[in-house]
Structure formats: C-alpha cells, structure tokens
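Numbering (the UniProt record's numbering) for the sequence shown: 1 to 613. Don't be surprised by glycine CBs; every beta carbon is placed ideally from N, CA and C. Just so we're clear, the structure is a prediction, and the values are computed from it rather than from any experiment.
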Amino acid sequence: MFFSVIYQSKKPEELGEVFLDVNKLSADGTTSLSTTSWSKDGTHYAYGLSEKGSDWVTIKFMKNDRTQLPDVIDGVKHSGISWMPDGSGVFYCKYPEHHGAKEGTSVDKHEFHSLYFHKLGTDQKDDVLVYDYRANPDIMIGTHVTEDGRYLIIDLTRGCDPYNMLYYVDLEKNGPIVGKVNPVPIVDKLESKYHYVHNFGEEFYIHTDKDAPNYRIFKLHLSDVNKHTPFIDEKEHKLSWGSPAAGKLLMLSYLEDCISTLYAHDISTGEKYYQIPLGIGTLMSCFMRWNKDELFFTVDSFLTPTIVYGMNFKDVPANKMPELREIRRVKLNNMDVSEFETRQIKVPSRDGTKVNMFIICRKDIELNGKNPTFLNGYGGFNIPDVPTFSITRLCFLKYFGGVVAVANLRGGGEYGEKWHQGGMRENKQNTFDDFQAAAKALIDAKYTCPEKLAIQGGSNGGLLMGACSQQRPELFGAVINRVGVLDMLRFHKFTIGAAWVPEYGNPDEAKDFEFLSKYSPLHNISFPSNGQWPATLLMTADHDDRVVPAHTLKYVAELYHKAKQQPAQSQPLLARIEVSAGHGAGKPTHKVIAEYVDMYSFLQRVLDLEWRG
C-alpha cells in the first residue's frame, strides 16, 4: 500500500502524531485520499476518499482531535470542498442525474454538474441544492468561500474550455443556506479565463488572460464589475497565480521558460519587493493565509526530491525577505544524483516554432548515438509539463545508463494561452510535430538512435503517442501508451469525455470531424511500408472512469487485426490491463511498482538494454 500519511504537529520541524493513515482504510490498499479541506477555525477536517482509482469520491469528516464524525457524502465527482465561514457545513458538487454505478465502471455520460450544501450533523438526503446551470448540460461548477468568509465564489466552465464565467453570492446578506441562490455575475460571458485572487470588502482582485495571453491581475468593485483597474500588468512570462499573504503581501508565481519563480509584491500598490530563491525546479505547492504570518511551500526538480521550506513574516518589514528555512526534505538512499545533470535546449518544430526540451543525463555522457533514451510528452489542456522528481526516471538513468527527455509541446500551459491554443482543436497537429521534432533532435545530437529511443505519454499524452507512432514510426524503437485518448470520434460519449470538446473539437460537427478524423489513432492505423510497427505497450485499468478502457481495448484490437496481415511484424504489440485501479491517481505503491517492473522489463527486452545494477 504505502500512501502518504497525514501527521499533526504543533511545530513545522516536528513530525508529530499520525492524524490520518489512509493505508488502514482498505485491506488491498485501493482506497486513496483525493481531496481535503479544513474549516476556517481549524476544528474540523473534511476529506474525500476514492476507491480503486475512480473519480467518484466519498467525503467524510473528522475533528482536529481525530474524532470521526458520522457525516458521509457520497457520489461526489470533480469537486473541491469549501467550508461555510462558521464551520457549519460544506459546499460540494455532484451529478444528481447520474444513476449508473458510482464505482468507476460505468461509462454513462455525465451532465448537469450541480452545487450542493451539506450541514454538519445531518443526513446527505437533506443536503440543499444551491445552484445548477440548466442552460448547458456540459457546464462544470467550481466554488470556494473567500477568506473573509463573506462571499461564495462560483466558477462556471464548459468542460475544459479555456474560458469561464464568474459569479458571487453575498453570504452575509443571503443568510443561512436553505435553498437555491441567485448568484450575481462578475463575468457572464465565455470569452476569457478569470480567477478570484483576493478581496478587501467589495474590491476584488482578479487574475485573467483577457487581452493578456500571459495573464495579468486587475481590480474591480462589485458596484461596477465592468470597470477594471489594472494592477499587475502582463509580463514576458506566464503569471501562473497570485495569492495574498501575511496581511501585507501579494505572492506571485511565474513560469519562466518552464521554471517556477516566486515574487513578493505590495498588495496595495503592486510594487515588487523581492524574489524568493527556488533554484531550478518547480513550485509544487504553496500554503499561506492572508491573516497568518507564516508561508510554506514545496519545491522539487528532475534530480531533487521534495524540499519543504518555510518563512515567517512576523515583525519583518514588508519590503524585506524573511529567513528562508528548510523544514524537511526527502532523502535518497543509495543514489548519488551528483552524477547527473539537467540540460535545457530549444528545438525547431516543423513550422519553425522553438520548442523547449529538458534532457537529463550523466555529466560524462558519450554522444555516440547509442544511449537508451526515454522521451516524455503531454501537450494539452493548458497543463505545463515542468521539472518534477521521479524515482523511476532516476532508475532508468542509473541502471540502464539512460537519458530522460521532456519536451514542452504546444497545447500545454508552459507559455500562456497563445501557446495552449497553438496545440488544440484544428491546431493539434502542431503538438505532434513538436514532439517528432524533439525526437529527431535527440537523434541528430547523437544522444540516441531510433532503435534505442522509447517514447511515453499518458491520457492526452497517450493520444500523442498514438498519433506520433502512426505518423513517424521510423523514429521510435518503443512506445509506452498509458490510459490514452485514442478514439477521437466517440470520446465525448463516455463519462466526462464531453468536457474535452473545447480542447479537441466536437466530432458531431462536420468541420471538427474533418480534422479529428485525420489523426484519430484508432481510425488511422496503417502499417509502414516495411511492415514494422514500433514495439508498443498499451496500459489501461478497469476502473478508469475518466479515459474509459474502451479507448485502449478498441485500439489494441484494431492494431492486432492489422498486424495479422503483416508477416514482417516481429516487434511485440501488448496491452496491460490493471484491475482495481483507475486513471492513475490513488494507485497503491505495490501496483505502481508492478507497473514499472512490467514497463521496464518490456523496454529492456525490445531496446536490448543492459542492467547496470
């Protein structure tokens, strides 16, 4: 099993006592923690549990003295947990019209995501429907309560659309939640992205990409939501988020050429005070409150596992950086990362666009064109593929003498909304071109050769694997395709698939069908002239209710059908179906280990790798 255990301590430097051990909640280790939330006063803890990797969640409650409460909320999906300011209950979202199984095996389409309120001490059947959007069944709802406790913020998106609408409810004026509310619009058009940052009374700070592909922050007053006052202007690099801290600061995190940075600004004037040094890595999480003096954040990189840092702003002038304290770090046993280094290069894609790629390798690597290489890619949904630590990647480096590369493709979130839109819908081929250019660059620079080059991607990255192995099979020696989206003509008919229509296009519309049908992996399997498809390992799981297993199962069936007509095909084409697991999150450690053993055994065989243990 071995999921993370939550500890409770009075001092950050102390380990403290076990507060919640998820490993004890199921005999086979397939119960996982998916979401958590503390009440404002810190007395109550809400936590969501997932079974067998499904996206369906059951919310339970504890007191801070570890007393378990009887309240249970089931059937929750794609939802956070937001507390009422007085701790009387929580807001959450579910699909009330879903009547199929809620265990990860139903493929029924989800519609009419709805917001509910649960009052502590009551049965779920008495929960109140707070808000739903009946004009569009694909609208998804996000919500949270402002730190001052006055407003309920309601965020509406059409699935994974890069645009949203933003509403608010005045909880002070509205009174107790006893029925549906009538939220007031801040933005009522799907034209740009808007995120609530902070508020002083009726003055709101909003993070947006409107007229700013790299994002900016403006202020507005609820008395005139159409009047926007610039506060933090758009910069050269993407402004990932902003958050208030210590009663005087606005912390801003940028993604600067795929590397995280963190700056402290005056929350009243916007003046930049200082940069907090993070090194070359990724800001994985950040914890702060407007009315608290302390800030905590975690950082890791390709070669550095998680480090927890803390800062205390008490009695420190706003324009001076407090001491940066290392609270805790993950230590590696029997692994010397000083042997390796991270390189960052730019690769010209097919249309000349420069694509960033990280290369992690031995410092003394010999560029002889023979090094086993593992190229990873994603390129979708405005999600950045940034430096993060992976012990399994490090094992490939050390024990196979390998190279690991990560390409930052159009469609991802590394360089703002323009970069995202450059790899979505009718522009999706750009994502594939970027990845193929990255593969060719590794070969041309003599890091590797096609016979030693393996590629890997999951989910949307599995779509990338399917398209690229079809379009340029001669570039790759092996393909690892994990829980991939492979049927681009029917993806929107299952579970949450309709939410991806804004990203991919709608197959039911003629103009979208035209470009989707050109690259849909399931519908474009055509063996190369030499009759040899790259060695392929497809991976899915029986409880994946996000990208349903049918994508992989239909694809491998079609691939096998075509392969039988190719007597020259000698490379293995395999599918691995995990049981009691889902899309990936919440998988117990023993299943993760078994998965990587199979994956690396496959690569060792098809790439003729030598173990150097």
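Quick one: grab the DSSP three-state call for residue i.
i: serine 520; result: coil
i: methionine 1; result: Note that methionine 1 has pLDDT 36, beneath the 50 cutoff, so the model's placement of it is unreliable and no number is given.
i: methionine 465; result: helix
i: tryptophan 83; result: strand
i: serine 601; result: helix
i: arginine 66; result: coil
i: serine 338; result: helix
i: leucine 442; result: helix
i: threonine 229; result: strand
i: glutamate 17; result: strand
i: glutamate 595; result: helix
i: leucine 25; result: coil
i: threonine 552; result: helix
i: tyrosine 560; result: helix
i: valine 330; result: coil
i: glutamate 610; result: coil
i: histidine 590; result: helix
i: asparagine 460; result: helix
Just the Cα atoms here: how many angstroms apart are residue i and residue j?
i: aspartate 28; j: tyrosine 167; result: 43 Å
i: residue 665; j: aspartate 545; result: Residue 665 lies beyond the residue range present for the chain, which begins at 1 and ends at 613; the question has no answer from this structure.
i: leucine 559; j: threonine 552; result: 10 Å
i: glycine 409; j: tyrosine 378; result: In the sequence on display, residue 409 carries leucine and not glycine. Answer to the nearest angstrom: the Cα atoms are 7 Å apart.
i: serine 9; j: alanine 438; result: 46 Å
i: asparagine 506; j: aspartate 512; result: 6 Å
i: lysine 60; j: lysine 125; result: 15 Å
i: leucine 25; j: leucine 33; result: 10 Å
i: aspartate 300; j: lysine 564; result: 46 Å
i: leucine 171; j: arginine 150; result: 5 Å
i: tryptophan 611; j: asparagine 333; result: 19 Å
i: methionine 357; j: glycine 201; result: 44 Å
i: glutamate 514; j: phenylalanine 19; result: 54 Å
i: isoleucine 365; j: threonine 353; result: 28 Å
i: asparagine 214; j: lysine 428; result: 20 Å
i: histidine 523; j: glutamate 503; result: 19 Å
i: lysine 446; j: glutamate 234; result: 39 Å
i: alanine 246; j: proline 322; result: 12 Å
i: serine 469; j: arginine 393; result: 22 Å
i: methionine 599; j: proline 521; result: 21 Å
i: isoleucine 154; j: methionine 140; result: 10 Å
i: alanine 581; j: valine 548; result: 12 Å
i: glutamate 414; j: alanine 467; result: 22 Å
Using DSSP bridges, identify the partner residues of residue i.
i: isoleucine 577; result: Thr540
i: lysine 346; result: Asn356
i: lysine 60; result: Tyr47, Val72
i: alanine 454; result: Phe374, Ala478
i: asparagine 312; result: Glu294
i: alanine 264; result: Met251, Tyr274
i: isoleucine 206; result: Tyr196, Phe218
i: valine 299; result: Leu283, Ile307
i: threonine 36; result: Tyr47
i: tryptophan 241; result: Ser253
i: histidine 8; result: Before going further, note that residue 8 is glutamine rather than histidine in the sequence given. According to DSSP, glutamine 8 bridges with Glu17.
i: arginine 325; result: Gly310
i: tyrosine 92; result: Tyr116
Within the same chain, show all residues whose beta-carbon is closer than 7 Å to that of residue i, passing over the 5 residues directly before and after it, in chain order.
i: lysine 180; result: Leu129, Val130, Tyr131
Leaving out five residues before and five after residue i in sequence, what residues of the same chain have Cβ atoms less than 6 Å from its Cβ?
i: threonine 58; result: Leu49, Asp74
i: leucine 538; result: Asn481, Thr552, Val556, Ala575
i: glutamate 341; result: Lys363
i: glutamate 578; result: Ala541
i: valine 197; result: Tyr205, His207, Gly242
i: asparagine 199; result: Thr146
i: serine 106; result: Gly100
Flag residue i as yes when its Cβ comes closer than 7 Å to any non-hydrogen atom of the ligand ZN, and as no otherwise.
i: serine 88; result: The model on display carries no ligand, and the ligand ZN is accordingly not part of it.
Closer than 8 Å by C-beta to residue i: which residues in its own chain qualify, once you throw out the five before and the five after it? Chain order, please.
i: threonine 448; result: Gly369, Lys370, Asn371, Pro372, Thr373, Val403, Leu442
i: alanine 478; result: Leu453, Ala454, Ile455, Pro534, Ala535, Thr536, Leu537, Phe602, Leu603, Val606, Leu607
i: phenylalanine 287; result: Leu295, Phe296, Phe297
TODO: Just list the alpha helix (DSSP H) runs in the stretch 469-520, keeping only unbroken ones of 4 residues or longer that don't cross its boundaries, in chain order.
DONE: Taking 4 residues as the minimum length, the alpha helix (DSSP H) runs contained wholly in the stretch 469-520 are 501-504, 510-519, in order along the chain.
Give the list of continuous beta strand (DSSP E) stretches no shorter than 3 residues that lie fully inside the stretch 121-199.
Entirely contained in the stretch 121-199, the beta strand (DSSP E) runs reaching 3 residues are, in chain order, 128-132, 139-145, 151-158, 164-170, 184-187.
Which runs of the alpha helix (DSSP H) at least 4 residues long sit entirely within the stretch 356-443? Give them in chain order.
With a minimum length of 4 residues, the continuous alpha helix (DSSP H) runs that stay inside the stretch 356-443 are 391-399, 417-421.
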